[in-house]
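Per the working numbering, the very first residue in the sequence shown carries number 5; after that it's consecutive.
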Amino acid sequence: MTTTTVTPYRAALTPLSDIVATVTDWAAPSPCEGWSALDVLDHILTTQRALLTERGLTLPPPADLAADPVAAWAAHAATVAGLLDDPAIAGIAYDGHFGPTTLGETVERFYVFDMLVHRWDLARAAGSDTSFTDAELDRIDESAQSFGPVLYMEGICRPAVPAASDADRQTRVLATLGRRA
């Protein structure tokens with residue numbers, strides 16, 4: 005890795021946290037079929053916690069997400085970013101779905117992708133939108149391509165949907181993830 009793991013995590017975290025702060029109706033449906041805005045945030049939080057605890061890390065108990073989603077997310081994100089500041093933690097090796105990897109590589113390859121994509125889902129659930137930078141679109145697109153058919157397994161992404169030939173890049177990238185922008 006040419007950067008520390010925490011750098012891309014924090015880069016994805018800031019705009020995601022900004023969107024989290026705008027959600028007023030946590031029961032609102034999201035673009036993720038059958039999931040509310042709260043379900044999306046819970047997914048991000050619980051999958052990140054699982055990655056870390058399954059690697060032997062001890063985390064404080066999660067805050068009550070339903071009682072105060074914004075505060076619970078902020079506490080979780082600060083804990084994760086703090087852990088990822090430690091190169092020894094980012095370097096924890098294990099056998100992942102795609103073979104030998106490290107915790108840091110998994111965060112960079114999958115969890116940052118997950119945060120970016122679900123930022124859009126949360127924005128839509130909040131009745132707004134979010135624009136990705138070219139670098140974010142590069143990361144989403146490259147990650148999606150690297151996952152191959154695994155991307156479309158149950159619970160990850162729906163099959164790609166068509167996008168107009170003159171659609172902007174964000175619309176085209178989201179379409180590959182089964183999302184209609």
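Ideal Cβ placement from N, Cα and C applies to all residues, glycine included.
Burial state of GLU158 is exposed, judged by a 10 Å Cβ sphere holding fewer than 16 other Cβ atoms. Looking only at TYR13, ILE93, ALA75, GLY182, the smallest Cα-Cα distance to PRO166 is reached by GLY182. Per the DSSP secondary-structure output, TYR115 pairs with nothing in a beta bridge. Per DSSP, TYR156 lies in no beta strand (DSSP E) and is assigned neither H nor E. Between ASP68 and the set ALA41, HIS101, SER147, HIS80, the nearest pair of CA atoms involves HIS80. Listed in chain order, the beta strand (DSSP E) runs fully inside the stretch 81 to 117 are 97 to 100, 103 to 106, counting runs of at least 3 residues. A distance below 8 Å separates the beta carbons of SER34 and ALA129.
The beta-carbon separation of TYR115 and GLN52, rounded to 6 Å, stays under the 8 Å limit for a contact.
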